[in-house]
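A.B. asks: Count the sequence shown with the numbering used here and you get residues 467 to 969, in order.
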Amino acid sequence: MKFQRASGILLHLTSLAGEFGIGDLGPSAYRFVDLLSQTGQTYWQMLPVGPTGYGDSPYSSFSVFAGNPLLISPEKLVQDGFLDEIGEVPEFEHGRTDYGAVYHWKKDLLARAYAKFAAGAGEDVRASFDQFCDQHSSWLTDYALYRAIRDAQGQRPWFEWDTPLKLREPGAIAAISEILAGPTRAEKFTQYLFFRQWTELKEYAAAAGIKFVADAPIFAAHDSADVWCNRDKFKLKADGSPKVVAGVPPDSFSSTGQLWGSPIYNWDAMRDDGFAWWTARVKHALSMADVLRIDHFVGLAHAWEVPGGDKTAENGEWVDVPGLELFSAFKDQLGELPLWAEDLGEVTAQVEELRDNFEIPGMRILQYAFGGDPASRDLPHNYIQNCVAYTGTHDNDTARGWFEALPEADDESGNRPSFCLKYINGDADTIHWDMIRAISSSVADTAIVPMQDLLGLGSEARMNVPAGAGPNWQWRMLPDAVTEEITTALKELTAIYGRSKKL
Numbered sequence: 467m468k469f470q471r472a473s474g475i476l477l478h479l480t481s482l483a484g485e486f487g488i489g490d491l492g493p494s495a496y497r498f499v500d501l502l503s504q505t506g507q508t509y510w511q512m513l514p515v516g517p518t519g520y521g522d523s524p525y526s527s528f529s530v531f532a533g534n535p536l537l538i539s540p541e542k543l544v545q546d547g548f549l550d551e552i553g554e555v556p557e558f559e560h561g562r563t564d565y566g567a568v569y570h571w572k573k574d575l576l577a578r579a580y581a582k583f584a585a586g587a588g589e590d591v592r593a594s595f596d597q598f599c600d601q602h603s604s605w606l607t608d609y610a611l612y613r614a615i616r617d618a619q620g621q622r623p624w625f626e627w628d629t630p631l632k633l634r635e636p637g638a639i640a641a642i643s644e645i646l647a648g649p650t651r652a653e654k655f656t657q658y659l660f661f662r663q664w665t666e667l668k669e670y671a672a673a674a675g676i677k678f679v680a681d682a683p684i685f686a687a688h689d690s691a692d693v694w695c696n697r698d699k700f701k702l703k704a705d706g707s708p709k710v711v712a713g714v715p716p717d718s719f720s721s722t723g724q725l726w727g728s729p730i731y732n733w734d735a736m737r738d739d740g741f742a743w744w745t746a747r748v749k750h751a752l753s754m755a756d757v758l759r760i761d762h763f764v765g766l767a768h769a770w771e772v773p774g775g776d777k778t779a780e781n782g783e784w785v786d787v788p789g790l791e792l793f794s795a796f797k798d799q800l801g802e803l804p805l806w807a808e809d810l811g812e813v814t815a816q817v818e819e820l821r822d823n824f825e826i827p828g829m830r831i832l833q834y835a836f837g838g839d840p841a842s843r844d845l846p847h848n849y850i851q852n853c854v855a856y857t858g859t860h861d862n863d864t865a866r867g868w869f870e871a872l873p874e875a876d877d878e879s880g881n882r883p884s885f886c887l888k889y890i891n892g893d894a895d896t897i898h899w900d901m902i903r904a905i906s907s908s909v910a911d912t913a914i915v916p917m918q919d920l921l922g923l924g925s926e927a928r929m930n931v932p933a934g935a936g937p938n939w940q941w942r943m944l945p946d947a948v949t950e951e952i953t954t955a956l957k958e959l960t961a962i963y964g965r966s967k968k969l
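1) So, at 8 Å on beta carbons, what are the nonlocal neighbours of Ala-970 in its own chain, with the 5 sequence-adjacent residues on each side left out?
2) Measuring from the CB of Arg-830, is there a heavy atom of the ligand HEM at a distance below 7 Å?
3) What residue from Glu-825, Ala-815, Asn-781 has the CA that sits closest to Glu-802's CA?
4) Can you tell me whether Gly-765 is helix, strand or coil according to DSSP?
5) Per DSSP, which one or two residues make a beta bridge with Lys-677?
6) In the DSSP assignment, what residue or residues form a beta bridge with Glu-771?
7) What is the residue span of the alpha helix (DSSP H) that Ser-494 lies within?
8) Which complete alpha helix (DSSP H) runs does the segment 703-750 hold, if anything under 4 residues is left out?
9) Since Leu-959 and Ile-914 are thought to touch, with beta carbons under 8 Å apart, how far apart are those beta carbons, to the nearest angstrom?
10) Who pairs with Ala-913 in a beta bridge, going by DSSP?
11) Contact defined as beta carbons within less than 8 Å: I believe Ala-495 pairs with Leu-476. What is the distance between those atoms, to the nearest angstrom?
12) Just to confirm, are Leu-543 and Ala-593 a CB contact at a threshold of 8 Å?
13) Can you list, in chain order, the residues of its chain with a C-beta nearer than 6 Å to that of Met-732? Leave out the 5 residues immediately preceding and following it.
14) Would you mind reading off the limits of the alpha helix (DSSP H) that contains Trp-806?
15) Return the first residue and the last residue of the alpha helix (DSSP H) that Met-467 is part of.
16) Give a yes or no on whether 8 Å exceeds the smallest Cβ distance from Val-931 to chain E.
17) If distances are taken between C-alpha atoms only, which option among Glu-819, Asp-590, Glu-771 comes closest to Phe-793?
18) Can you tell me the Cα-Cα spacing of Arg-616 and Phe-763, whole angstroms?
19) Please identify the residue among Asp-550, Ala-483, Val-515 whose C-alpha is closest to the C-alpha of Asp-946.
20) Cutting at 6 Å between CB atoms, please list the residues of its own chain near Phe-548, excluding the five before and the five after it.
21) Please determine, among Tyr-834, Ala-584, Cys-599, Lys-677, the residue with the shortest C-alpha to C-alpha distance to Leu-502.
22) Between which two residues does the alpha helix (DSSP H) containing Leu-923 stretch?
23) Using a 10 Å radius around the Cβ and a threshold of 16 neighbouring Cβ atoms, would you call Ala-708 buried or exposed?
24) Identify the residues that DSSP records as bridge partners of Val-757: which are they?
25) Would you call the CB atoms of Ala-614 and Thr-650 closer than 8 Å?
26) Name, in chain order, the residues that DSSP records as bridge partners for Phe-655.
27) Verify whether the separation of the beta carbon atoms of Met-512 and Val-711 is less than 8 Å.
28) Comparing C-alpha positions only, which one of Thr-722, Ala-795, Asp-761, Gly-727 sits nearest to Arg-444?
29) Between Ile-642 and the rest of its own chain, which residues show a CB-CB distance below 7 Å, the 5 nearest in sequence each way excluded?
30) Let me check one thing: in DSSP terms, what residues is Leu-562 bridge-paired to?
31) Going by the DSSP bridge assignment, what does Gly-828 pair with across the sheet?
32) So, do the segment 896-910 and the segment 848-861 have three or more beta carbon pairs nearer to each other than 8 Å?
33) Which of helix, strand or coil does DSSP assign to Ser-527?
34) Contact between the segment 770-787 and the segment 833-844 is defined here as three or more beta-carbon pairs at a separation below 8 Å; is this criterion met?
35) Give the straight-line distance between the Cα atoms of Tyr-525 and Pro-514, rounded to the nearest whole angstrom.
36) So is Thr-563 buried or exposed if we call it buried at 16+ other beta carbons inside 10 Å?
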């Protein structure tokens with residue numbers, strides 16, 4: 467799909483500033499939309515917004531369809547009449563997210579909201595809730611039951627439940643559905659609140675000319691409603707444990723590879739029903755956003771399969787994936803789609819064919835460009851129009867942190883700091899702006915800047931270290947981090963290079 471020349475900012479919702487311990491769908495999100503609009507941006511790119519579990523990774527969710535309750539705004543709950551007051555707020559730390567503390571506080575908050583709803587919601591709210599449940603019944607009923615059972619089981623994953631529940635025997639499901647009818651309805655209500663607030667924010671953004679870029683993790687987490695309800699669609703053993711799991715082979719991030727642990731798709735079963743699960747997933751994601759970034763796109767051409775139970779990703783093998791058939795099904799059933807591909811890693815001819823056959827723009831990462839090779843695909847003079855250029859991604863260090871970690875002089879590390887500064891005609895003191903200018907001035911149709919780079923922050927603001935211990939996913943903006951000087955500079959740079967949004 468062809469995209470107009472434009473730019474945007476990568477900022478996950480959790481990273482917004484605010485007083486409630488985590489960024490959310492409340493006033494800070496609306497202010498960020500205003501910032502994007504004022505500076506001429508077109509895109510707000512986020513990380514996945516599904517409900518997260520242990521490790522807090524947005525790429526490992528209890529559902530690829532559901533929303534994360536932690537992103538629900540307390541202020542909006544009061545504003546919309548679901549709470550009379552927020553009540554006492556813990557003293558959350560600014561600048562980072564303490565997921566555990568936020569979870570326990572918001573769980574009580576949402577329970578109060580549901581109690582008020584159950585005690586006598588107005589007819590219009592009840593009708594709205596019932597309509598939501600009907601509209602999303604294809605995934606919501608199973609997801610809500612899964613979460614209710616998981617809570618009743620002390621948060622044990624589904625593959626540790628008693629066999630009748632684990633294998634979804636009809637009698638067991640009917641019985642537990644009756645027993646947990648109340649908690650299941652409460653889970654549905656929580657999802658209703660999330661999607662109500664999401665829709666309101668998206669409508670506000672659309673009116674301001676701002677488009678949402680969603681992120682689709684390629685794999686579903688083993689402990690998820692998706693796998694529990696679709697066991698035949700994954701390579702699992704009879705007891706629910708994975709035969710093989712996903713990962714990537716040893717690379718620059720890890721000498722033992724990255725072991726993600728997600729079960730691999732049973733593509734033969736997916737093919738039998740015309741890739742219905744995948745098609746429903748993409749359709750749902752694009753009902754929430756304007757563009758969908760496919761994470762680990764190479765995994766839809768070939769996947770690195772690691773035997774279940776292995777402790778590292780070293781002992782894996784590449785297995786072909788019917789990506790051409792999958793994307794043909796998307797096109798046949800959904801039409802031309804606004805997709806971006808994270809085509810990083812093992813970019814083979816097979817990956818390029820899949821991407822280019824459907825004219826999906828791939829990614830270029832400026833941090834990868836400065837090994838001294840003028841033919842590098844990540845150097846701006848080698849960009850093509852149909853690509854998305856980044857200074858770095860959520861998996862990279864910040865631009866400033868990356869540059870400051872380079873050796874003072876050229877060595878055998880593979881990075882050439884002198885080449886970097888000469889190429890972008892830059893300076894160490896303004897390296898983040900020099901890198902932003904380099905991708906903005908390029909021929910790439912789209913340029914995306916992580917918020918940390920716009921603020922000129924160092925490694926302390928890094929979002930994620932792949933295969934690293936972290937702390938990951940915790941960075942948050944400080945209040946008033948965006949100065950008038952930054953706003954003016956971004957607006958001018960966006961206009962100079964012809965990327966200002968077109969209403």
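Idealized CB from N, CA, C, for every residue including glycine.
Predicted model, so just to flag it, every value in this text is computed and none were measured.
C.D. replies: So, from the data block:
1) What the structure shows of the chain is the stretch from 467 to 969, and residue 970 is not part of that stretch, so it cannot be assessed.
2) Among the components modelled here there is no ligand, and therefore nothing to report on the ligand HEM.
3) For the purposes of this step, residue 802 is taken as residue 336 along the sequence shown, with counting starting at 1. Check the Cα spacing between Glu-802 and each of Glu-825, Ala-815, Asn-781: the tightest is with Glu-825.
4) Within the sequence shown, numbered from 1, the residue matching residue 765 stands at position 299. If DSSP states are grouped into helix, strand and coil, Gly-765 belongs with the helices.
5) Indexing the sequence shown from 1 puts residue 677 at position 211. BP columns for Lys-677 point to Tyr-509.
6) Walking along the sequence shown from the start, residue 771 turns up at place 305. Beta-bridge pairing links Glu-771 to Ala-712, Glu-783.
7) Taking the first residue of the sequence shown as position 1, residue 494 is located at position 28. 493-504 is the extent of the alpha helix (DSSP H) around Ser-494.
8) 733-738, all fully within the segment 703-750.
9) Working through the sequence shown from its first residue, we reach residue 959 at position 493. Working through the sequence shown from its first residue, we reach residue 914 at position 448. About 14 Å separates the two Cβ atoms, so there is no contact after all.
10) Residue 913 sits at position 447 when you count from the first residue of the sequence shown. Within the DSSP secondary-structure output, Ala-913 pairs in a beta bridge with Ser-473, Ala-855.
11) Numbered from its first residue, the sequence shown carries residue 495 at position 29. Numbered from its first residue, the sequence shown carries residue 476 at position 10. Not confirmed; about 15 Å, so no contact.
12) As a position in the sequence shown, residue 543 is number 77, starting the count at 1. As a position in the sequence shown, residue 593 is number 127, starting the count at 1. Taking a C-beta distance under 8 Å as the contact criterion, Leu-543 and Ala-593 do not qualify as a contact pair.
13) The count along the sequence shown starts at 1 and reaches residue 732 at position 266. Checking the sequence, you will find Asn at residue 732 rather than Met. Contacts found: Lys-699, Phe-700, Lys-701.
14) As a first step, residue 806 must be located in the sequence shown, where it is residue number 340. Annotation: Trp-806 is outside any alpha helix (DSSP H); the continuous beta strand (DSSP E) that includes it extends over 805-807.
15) By one-based count along the sequence shown, residue 467 stands at place 1. In the DSSP assignment, Met-467 falls outside any alpha helix (DSSP H), carrying neither H nor E.
16) In the structure shown, chain E cannot be found, because there is only a single protein chain.
17) As a working note, residue 793 is residue 327 in the sequence shown. Nearest of Glu-819, Asp-590, Glu-771 to Phe-793, Cα basis: Glu-819.
18) Translated into the one-based positions of the sequence shown, residue 616 becomes position 150. Translated into the one-based positions of the sequence shown, residue 763 becomes position 297. If you draw a straight line from the Cα of Arg-616 to the Cα of Phe-763, it comes to about 31 Å.
19) Your numbering for residue 946 matches position 480 in the sequence shown. Comparing Cα-Cα distances from Asp-946 to each of Asp-550, Ala-483, Val-515, the minimum goes to Ala-483.
20) The residue given as residue 548 occupies position 82 in the sequence shown. Take Phe-548, set aside five residues on each side of it, and the residues of its chain with a beta-carbon closer than 6 Å to its own are Ala-579, in chain order.
21) As a working note, residue 502 is residue 36 in the sequence shown. Of Tyr-834, Ala-584, Cys-599, Lys-677, the residue nearest in Cα terms is Lys-677.
22) Position 457 of the sequence shown, counted from the first residue, corresponds to residue 923. In the DSSP assignment, Leu-923 falls outside any alpha helix (DSSP H), carrying neither H nor E.
23) On the sequence shown, position 242 is the one that residue 708 refers to. According to the sequence as given, residue 708 is Pro; it is not Ala. The residue is buried, with at least 16 neighbouring Cβ atoms inside 10 Å.
24) Translated into positions along the sequence shown, residue 757 becomes position 291. According to the DSSP secondary-structure assignment, Val-757 is paired through a beta bridge with Val-679.
25) As a position in the sequence shown, residue 614 is number 148, starting the count at 1. As a position in the sequence shown, residue 650 is number 184, starting the count at 1. Cβ atoms of Ala-614 and Thr-650: closer than 8 Å.
26) Taking the sequence shown and counting its residues from 1, one reaches residue 655 at position 189. For Phe-655, which the question treats as bridged, DSSP gives no partner whatsoever.
27) Here the question's residue 512 lines up with position 46 in the sequence shown. Here the question's residue 711 lines up with position 245 in the sequence shown. Cβ atoms of Met-512 and Val-711: not closer than 8 Å.
28) With the chain running from 467 to 969 in the structure shown, residue 444 is simply not present.
29) The residue labelled residue 642 in the question sits at position 176 within the sequence shown. These residues qualify, in order along the chain: Ile-615, Leu-631.
30) Numbered from its first residue, the sequence shown carries residue 562 at position 96. The amino acid at residue 562 is misidentified as Leu; the sequence shows Arg. According to DSSP, Arg-562 bridges with Trp-941.
31) For the purposes of this step, residue 828 is taken as the residue at position 362 of the sequence shown. Beta-bridge pairing links Gly-828 to Cys-853.
32) With the rule of 3 Cβ pairs closer than 8 Å, the segment 896-910 counts as touching the segment 848-861.
33) As a working mapping, residue 527 is identified with position 61 in the sequence shown. Strand at Ser-527.
34) Cβ pair count under 8 Å is below three, so no.
35) The sequence position of residue 525 within the sequence shown is 59, counting from 1. The sequence position of residue 514 within the sequence shown is 48, counting from 1. Tyr-525 and Pro-514 have their C-alpha atoms some 6 Å from each other.
36) The count along the sequence shown starts at 1 and reaches residue 563 at position 97. The C-beta of Thr-563 has 16 or more other C-beta atoms within 10 Å across all chains shown, which makes the residue buried.
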